Amino acid sequence: MLITTKIKLILEQKHHEKLLETMKRYNAACNYISGFAFEQSQYNRIRLQKLVYFVVRDQFQLSSQMTILAVRKVAAAYIADKAKKNEYKKSKGKNVRGQADLVWHDGVFYLLPGVELPENEPYIPNDALGVDLDIKNIAADSMGESLSGDAVQAVRHHCISKHLVEKAKRHRSRLALEDLTGIRERITVRRAQRRNQHAWAFAQLRSYIKYKALLAGVPVVLADPRNTSRECPQCEHTAKENRKTRDWFRCQACEYAAPADNVAALNIRSRAIVSVPNVGVAI
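Residues 588 to 870 in our numbering are what the sequence shown lists, from first letter to last.
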């Protein structure tokens, strides 16, 4: 599996300024090449390079390699969308590609090299670890553990996904997640939380879980999330009244009570066990 690592570059001020200036000239060259290609309707990389190579090298003072990379970048962008003139922003580092990408973000340079890592063969699980994703409790599992959004606001999704994958492997369980299709449309939050809701990337966390699970050999399955927080994991009685408050579940039939997010995780676990064979499912 090819994954991307992120390395922060610590540079002396003179080197930082020189790299930033080079990056600005590179992006300016991309804009020039893009405009030329658009006006001439010339999107073939080889022909485009012959037409602009010497002009770009002279006008923007770029090396031969960077000039070729700029042409390649523009040509690739137009192949994807010929109807749109592409613009390259001067304020951001846009993929100076070689064996790694160079990115400038908030005044800091980062190198993003791709690393090929072997995937482990998925084991045959004995159980499932259900995980419910939410705004307040970012992840609650079927073993009763919850990660509070307030407590881990500054913790990257990498840490959460690593913890979940390691826990599932330790118990030789498949990792069962709710199907996140349409998750942003399903959840409701107060007005003060709406901005945070859309910034909270459920899909990002799921992608981290996916690749970490593949590397660790942990099978991952998806479960239907409908009524997971309203169905009783003990007697299966399902009713809106079972969850009269956001945080607490109490079954109106058998009086089973527990935190609502952990109840949802228990139901996700149960659905994964009864509906999925002992194989990993891609997400």
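Quick reminder that beta carbons are idealized off the backbone N, C-alpha and C, glycines included.
Since this is a predicted model, take the numbers as computed values, not measurements.
Assuming residue i is part of the alpha helix (DSSP H), what are its boundary residues?
| i | result |
| --- | --- |
| aspartate 645 | 632-647 |
Residue i lies in the beta strand (DSSP E); which residues open and close that run?
| i | result |
| --- | --- |
| asparagine 724 | 724-728 |
| cysteine 808 | In the sequence as displayed, the identity of residue 808 is valine instead of cysteine. Per DSSP, valine 808 belongs to the beta strand (DSSP E) from 807-810. |
| alanine 844 | 844-846 |
Quick check: what's the CA-CA separation for residue i versus residue j?
| i | j | result |
| --- | --- | --- |
| leucine 720 | valine 658 | 43 Å |
| aspartate 577 | arginine 837 | Past the boundaries of the shown model lies residue 577; the chain is included only from 588 to 870, so the question cannot be answered. |
| alanine 840 | asparagine 814 | 16 Å |
| glycine 622 | glutamate 703 | 36 Å |
| alanine 755 | alanine 727 | 13 Å |
| arginine 773 | aspartate 766 | Confidence at arginine 773 is low in this model, with a pLDDT of 48, below 50, so the placement of that residue should be treated as unreliable; the coordinate-derived value is given next. Rounded to the nearest angstrom, the two C-alpha atoms are 12 Å apart. |
| alanine 826 | valine 752 | 32 Å |
| arginine 733 | threonine 592 | Note that residue 733 is serine in the sequence shown, not arginine. Near 28 Å, if we compare the C-alpha coordinates of threonine 592 and serine 733. |
| lysine 799 | lysine 749 | 7 Å |
| cysteine 617 | isoleucine 725 | 41 Å |
Quick one: what does DSSP say residue i is sitting in, helix, strand or coil?
| i | result |
| --- | --- |
| threonine 591 | strand |
| histidine 692 | strand |
| leucine 596 | coil |
| threonine 825 | strand |
| arginine 761 | strand |
| tyrosine 697 | strand |
| glutamate 703 | strand |
| aspartate 719 | strand |
| alanine 840 | coil |
| glutamate 818 | strand |
Quick check: residue i and residue j, are their CB atoms within less than 8 Å of each other?
| i | j | result |
| --- | --- | --- |
| isoleucine 891 | glutamine 636 | In the structure displayed, the chain extends from 588 to 870; residue 891 sits before or after that span and is not available. |
| alanine 852 | valine 695 | no |
| serine 816 | arginine 830 | yes |
| proline 709 | proline 806 | yes |
| tyrosine 619 | methionine 653 | no |
| valine 642 | leucine 649 | no |
| alanine 859 | alanine 763 | yes |
Just to check my reading of the structure: residue i and residue j have Cβ atoms closer than 8 Å, yes? What is that Cβ distance to the nearest angstrom?
| i | j | result |
| --- | --- | --- |
| alanine 810 | isoleucine 747 | Actually they do not touch by this definition, with Cβ atoms about 19 Å apart. |
| proline 820 | valine 850 | 6 Å |
| arginine 761 | valine 808 | 6 Å |
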